[in-house]
């Protein structure tokens, strides 16, 4: 008989502190979602009433081997719990690698139905030495083949804003790179849970590889001339294509599924923690006033990772007093 995990302390100890993750409780054969994962009604995702986005994502299908990456991600999460638990934040032998579950489980009212392995990039040698052997080669190749696309896209975006471009400025925007392998186990009650709560990213560009199952939703901005503005729409996966998320523009979330486990592999690029960030002078000159202040990116990171997902609330940290 599968355990019920109605005791939230025992569940937290097993899933978070014990390193078993969501996959650990699913493998025990649970028939219903534990109470700790049931989201408030306002946060639950109603798939039946959701619209699908009719605008395709940017197609970068010439990148090598996305199917291989998906298989590697599935295999990595199929490892024994003790192998994955080695990389828990509190005990990981490398500052570059972290295995975890949910986002900030200590501060969340309801946990996210997700496990992940996060790998920070410094250089090739350290990645090959410190990243998990089960996925390091594919993850590193995926990051390196994506990097040039990221640079070109960033150059185009900044150029359209009138910014003066040179290599040092581009490097300042994408000096920090990270590959995540996210795993969403099958869920007995997907209508009650979320894979990732609503949020916007904190970095410069996010490159996302979805598998064929789908589950990514974005919120249509309020200030666009579309009938669905302010609504959540699903971004269906397209074979051979990647989803590009620019800065904190898109608020997004992920639903769970009862049919198959799902994987997604995002690459996050952002400034180095020591980098000062502020609105581009060209944009401030055009708008007449800065809405956001200058600060160290490390301060913004600490605020972002120190709180549970809650829409675009993290942007409040960056606003000027008059914004």
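In the numbering used here, the protein residues as written are 5 to 327.
Glycine included, every Cβ here is placed at the ideal spot set by N, Cα and C.
Quantities reported herein were computed from a predicted structural model and do not represent experimental measurements.
query, result
"Residue 114, buried or exposed, once every other Cβ within 10 Å from all chains shown has been counted against 16", "buried"
"Option nearest residue 275 by Cα separation, candidates 206, 285, 34", "206"
"Cβ-based neighbour list, residue 124, same chain, cut-off 7 angstroms, excluding 5 preceding and 5 following", "100, 182"
"Span of the alpha helix (DSSP H) around residue 129", "128–134"
"Three-state secondary structure (DSSP) of residue 238", "strand"
"Whether residue 108 touches residue 315 by CB criterion (9 angstroms)", "no"
"Continuous beta strand (DSSP E) stretch holding residue 257: start and end", "256–258"
"Spatial distance of residue 120 from residue 57 (CA atoms)", "26 angstroms"
"Identity of the residues DSSP links to residue 221 by a beta bridge", "238, 257"
"Which residues DSSP lists as bridging residue 200, in chain order", "258"
"Residue 124, enclosing alpha helix (DSSP H) - first and last residue", "It is not in any alpha helix (DSSP H) - residue 124 instead sits in the beta strand (DSSP E) that spans 119–125."
"Local conformation of residue 244 per DSSP, three classes", "coil"
"Residue 183 - partner residues in DSSP beta bridges", "123, 271"
"Cβ-Cβ separation, residue 208 to residue 177 (assumed contact under 8 angstroms), whole Å", "5 angstroms"
"Residue 281 (DSSP reduced to helix, strand or coil)", "strand"
"DSSP three-state assignment for residue 321, whether helix, strand or coil", "helix"
"Check whether residue 198 and residue 43 have beta carbons under 9 angstroms apart", "yes"
"Proximity below 9 angstroms, CB of residue 312 to CB of residue 219", "no"
"Euclidean distance between Cα positions of residue 14 and residue 48", "25 angstroms"
"Identified DSSP bridge partners for residue 56", "238"
"Beta-carbon contacts of residue 195 that lie in its chain and below 8 angstroms, excluding the five residues immediately before and after", "48, 49, 50, 51"
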